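Asks:
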Amino acid sequence: MECWELMPKIELHAHLNGSVRSSTLLELAGELGKRGTVVFSDVENVIMKSDRSLREVFKMFDLIHVVTTDHKTVTRITKEVIEDFASENVVYLELRTTPKRNDSKGMSKRSYMEAVLEGVRAVTMVEVDLSHELFAETPAVNERYNTGRKKIFVRFLLSIDRRETTEAAMETVNLALEMSRFGVVGIDLSGNPFIGEWSTFLPALEFAKMQGLPITLHCGEVPNPEEIHAMLDFLPRRIGHACCFEDEEWETLKKSKIPVEICLTSNIKTESISSVDVHHFAELYKSNHPLILCTDDVGVFCTSLSAEYALASSTFGIGKREMFQLARKAIEFVFVEDEVKQKLEEIFASAARELD
Ligand code: 5GP
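Take 1045 as the starting number for the sequence shown in my numbering and just add one per residue.
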């Protein structure tokens, strides 16, 4: 495992609330338990369960949101999640989260995102490159850069939840546009794939596209050929999962060359794919289709990006050098300006020299 931890990696599909440490969730649930807001043992049972079907996963997210959705906690989990990815040598993290409105906590989508950004400012373990504007009001701004410490580039995608209305989706897109100077670089469509209609989100997604915001879609997590076709026709910049594609959809995908965010452990644990050795990673990798190994939800699925690399390498017999190339190739698919891509190239070039 150590070699995968040491290798620089790029994470493009990680949900903030799915990446919370179990220890943090238990601590927060304990506090709410004492106040009588939740029954601690019920929450503990759910958090400690290791395998969950796709439907159960979304019940788990509702529970996580009860525990985490206040400003202070959102700031804390953002800081911890960034530090956890940095500690396993993720050098570029595109973290996605659903901006939430919670009137009982005085929370708007905007104040939720401000709490997220506060979490970035709170990171001390590593040097974070997000946006110089984000740190503009921080007195120690000069101390944050060029310190020689380990560095992680962090950018955000704002997720539209499939439970949301067209108006709520549009609010998220407008927020993403307003926050682009603070490191928000794109839009994601996620949430329970058993609910919601493509036509509900389409106006907001089309608007985002028109404004130049890159889009990634959770696509084909459940069999829904009509939606899969509509999503592929939309030509998003990337898609996530692609578990339930039929021959015709594979053909369209391959022709389109849309990169796929692959989440092995998540797909196995949710039983979207029956076992890892039959995962579509193998076929896409063999046919040279653009793909990126990702975690999805480190906390919920008890994994790490290093563990995903280890799993792909051992299951599909891919050597260290090829895995390194796979990690490096992800630079092409990040939703960020060329200047950052160039810096990532330099990081990988330097790591490649050490590999020789
Ligand atoms: P958040 O956006 O609250 O930071 O992260 C958790 C949310 O991400 C979940 O409520 C859900 O909407 C979305 N999410 C996390 N994992 C998955 C997944 O595997 N599939 C889908 N469709 N959505 C997910």
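Ideal placement from N, C-alpha and C gives every residue a C-beta, glycine not left out. Keep in mind that this is a model prediction, so the values were computed, not measured.
Return helix, strand or coil for Phe-1251, following the three-state DSSP convention.
Replies: Position 207 of the sequence shown, counted from the start, is the residue given in the question as residue 1251. Looking at Phe-1251 - three-state DSSP - the assignment turns out to be helix.
Asks: Ala-1374 to Leu-1335, Cα distance in whole Å?
Replies: Here residue 1374 refers to the residue found at position 330 when the sequence shown is read from its first residue. Here residue 1335 refers to the residue found at position 291 when the sequence shown is read from its first residue. In this model, Ala-1374 and Leu-1335 are separated by some 8 Å (Cα to Cα).
Asks: Taking Pro-1237 and His-1262 to be in contact with their CB atoms under 8 Å, please state how far apart those CB atoms are, rounded to whole angstroms.
Replies: Here residue 1237 corresponds to residue number 193 of the sequence shown, with the count starting at 1. Here residue 1262 corresponds to residue number 218 of the sequence shown, with the count starting at 1. Sure, about 7 Å apart at Cβ, within 8 Å.
Asks: According to DSSP, Thr-1260 sits in a beta bridge with which residue or residues?
Replies: Within the sequence shown, the letter at position 216 stands for residue 1260. Among the bridge pairs identified by DSSP, Thr-1260 is matched with Asp-1232 and Arg-1282.
Asks: So Val-1320 and Ile-1312 are in contact, right, with Cβ under 8 Å, and what is the actual spacing, rounded?
Replies: On the sequence shown, residue 1320 is found 276 positions in, with the first residue counted as 1. On the sequence shown, residue 1312 is found 268 positions in, with the first residue counted as 1. About 5 Å separates the two Cβ atoms, so the contact holds.
Asks: Should Arg-1099 be listed as close to ligand 1, given that the test is whether its C-beta is under 8 Å from any heavy atom?
Replies: Numbered from 1 along the sequence shown, position 55 holds the residue referred to as residue 1099. Arg-1099 Cβ: outside cutoff for every heavy atom of ligand 1.
Asks: Going along the chain, which residues of its own chain have a beta-carbon closer than 6 Å to the beta-carbon of Gly-1077, five neighbours each way excluded?
Replies: The residue labelled residue 1077 in the question sits at position 33 within the sequence shown. Cβ within range, chain order: Phe-1084.
Asks: Evaluate Glu-1055 with the Cβ neighbour count: other Cβ atoms within 10 Å of its Cβ, from every protein chain shown; 16 or more gives buried, anything less gives exposed.
Replies: Within the sequence shown, numbered from 1, the residue matching residue 1055 stands at position 11. When all chains shown are included, Glu-1055 counts as buried.
Asks: Tell me which residues share the same chain as Leu-1399 and place their Cβ nearer than 8 Å to its Cβ, disregarding the 5 neighbours each side in the sequence.
Replies: As a first step, residue 1399 must be located in the sequence shown, where it is residue number 355. Once the five neighbours on either side are set aside, the close Cβ partners of Leu-1399 are Lys-1364, Arg-1365 and Phe-1368.
Asks: By Cβ distance, which residues of its chain are closer than 8 Å to Ile-1302, with the 5 residues on each side in sequence left out?
Replies: Numbered from its first residue, the sequence shown carries residue 1302 at position 258. Counting only Cβ-Cβ distances below 8 Å, and skipping sequence neighbours, we find Leu-1276, Leu-1279, Pro-1280, Arg-1281, Arg-1282, Ile-1283 and Pro-1334.
Asks: With a threshold of 16 other CB atoms inside 10 Å of the CB of Arg-1372, please say whether the residue is buried or exposed.
Replies: The count along the sequence shown starts at 1 and reaches residue 1372 at position 328. Its Cβ being crowded by 16 or more others within 10 Å, Arg-1372 is buried.
Asks: Just to check, is the beta-carbon of Phe-1226 closer than 8 Å to a non-hydrogen atom of ligand 1?
Replies: By 1-based counting over the sequence shown, the position of residue 1226 is 182. Checking every heavy atom of ligand 1 against the Cβ of Phe-1226, none is found closer than 8 Å.
Asks: Pick from Leu-1139, Arg-1065, Arg-1154 and Arg-1225: whose alpha carbon is nearest that of His-1115?
Replies: Here residue 1115 corresponds to residue number 71 of the sequence shown, with the count starting at 1. Comparing Cα positions, the closest option is Arg-1154.
Asks: In whole angstroms, what separates the C-alpha of Phe-1245 from that of Ser-1394?
Replies: In the sequence shown, counting from the first residue as 1, residue 1245 sits at position 201. In the sequence shown, counting from the first residue as 1, residue 1394 sits at position 350. Each residue's Cα considered, the two are about 42 Å apart.
Asks: Where do the N-terminal and C-terminal ends of the beta strand (DSSP E) with Leu-1137 fall, by residue?
Replies: Mapped onto the sequence shown, residue 1137 falls at position 93. Element bounds for Leu-1137: 1134-1141.
Asks: Which one of Glu-1295, Ser-1350 and Cys-1346 has the shortest CA to CA distance from Leu-1328?
Replies: Within the sequence shown, numbered from 1, the residue matching residue 1328 stands at position 284. With distances taken between Cα atoms, Leu-1328 lies closest to Glu-1295.
Asks: Which runs of the beta strand (DSSP E), 3 residues or longer, sit entirely within the region 1291-1364?
Replies: 1304-1306 and 1335-1337
Asks: Please name the residue, chosen from Ala-1396, Leu-1060, Ile-1239 and Asn-1089, that lies closest to Val-1198 on a Cα-to-Cα basis.
Replies: Numbered from 1 along the sequence shown, position 154 holds the residue referred to as residue 1198. Residue nearest to Val-1198 within the set Ala-1396, Leu-1060, Ile-1239 and Asn-1089 is Leu-1060 (criterion: CA-CA distance).
Asks: Consult DSSP for Lys-1053 and reduce its assignment to one of helix, strand or coil.
Replies: For the purposes of this step, residue 1053 is identified with residue 9 of the sequence shown, where counting begins at 1. In this structure, Lys-1053 counts as strand in the three-state DSSP scheme.
Asks: Give the straight-line distance between the Cα atoms of Tyr-1189 and Glu-1250, rounded to the nearest whole angstrom.
Replies: Translated into positions along the sequence shown, residue 1189 becomes position 145. Translated into positions along the sequence shown, residue 1250 becomes position 206. Only weak support is given to the placement of Tyr-1189: the predicted model assigns it a pLDDT of 46, under 50, and the value that follows is read from those uncertain coordinates. Looking at the two C-alpha atoms, the distance is approximately 37 Å.
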